[in-house]
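**Q** A single structure is presented below for examination.
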Amino acid sequence: MPSRCVRRRAFRVRIFQVHKLERIFITEAMTQVGSWNKLFNDIVSREDVRLRVMQELMRDPQSGAAHYLRDLRAQNLSPEEFEQQGLKRLMQISPSHLTDLYVKTQPLK
Numbered sequence: 001m002p003s004r005c006v007r008r009r010a011f012r013v014r015i016f017q018v019h020k021l022e023r024i025f026i027t028e029a030m031t032q033v034g035s036w037n038k039l040f041n042d043i044v045s046r047e048d049v050r051l052r053v054m055q056e057l058m059r060d061p062q063s064g065a066a067h068y069l070r071d072l073r074a075q076n077l078s079p080e081e082f083e084q085q086g087l088k089r090l091m092q093i094s095p096s097h098l099t100d101l102y103v104k105t106q107p108l109k
């Protein structure tokens with residue numbers, strides 16, 4: 001009889017631990033999403049940053065954006081249309097890669 005009680009307690013403790021871990025992971029994921037949104041908003045809202053990131057995207061072969069942005073340039077779009085299409089491409093790039101590009105484009109202090 002005592003072994004059943006011990007097993008139940010262990011099971012309850014395990015379930016509690018799993019729920020606690022899930023909360024931590026969810027909190028971390030929400031923090032990452034929040035920082036990603038802040039980063040993206042910073043890129044989109046500041047023209048100088050946006051232009052530097054797009055130039056870096058064109059130079060960076062890993063982004064896969066160079067070909068896409070060159071095609072956009074070849075279409076002779078207005079600057080506003082080109083920027084809008086470029087922003088659509090920015091949204092498709094992985095957050096970690098975009099973060100690296102953003103850090104690369106920041107002026108040295």
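Following my numbering, the residues of the sequence shown are numbered contiguously, the last one being 109.
Where is the CB? At the ideal position from N, CA and C, for every residue including glycine.
What would DSSP say about D100, mapped onto helix, strand or coil?
**A** If you number the sequence shown from 1, residue 100 lands on position 100. In the structure shown, D100 sits in a helix (DSSP, three-state: H, G or I).
**Q** Just the C-alpha distance for N76 and H67, rounded to the nearest angstrom, thanks.
**A** Locating residue 76 in the sequence shown gives position 76, where the first residue counts as 1. Locating residue 67 in the sequence shown gives position 67, where the first residue counts as 1. Approximately 15 angstroms between the Cα atoms of the pair.
**Q** Are G86 and M58 close, meaning C-beta to C-beta below 7 angstroms?
**A** The sequence position of residue 86 within the sequence shown is 86, counting from 1. The sequence position of residue 58 within the sequence shown is 58, counting from 1. Contact flag unset, no.
**Q** Quick one: Cα of I26 to Cα of S78, how far?
**A** Sequence index remark: in the sequence shown, residue 26 carries index 26 (1-based). Sequence index remark: in the sequence shown, residue 78 carries index 78 (1-based). Here the model assigns I26 a pLDDT of 49, short of 50, so the residue's position is not dependable, and the following value carries that caveat. Taking the straight line from one Cα to the other gives about 42 angstroms.
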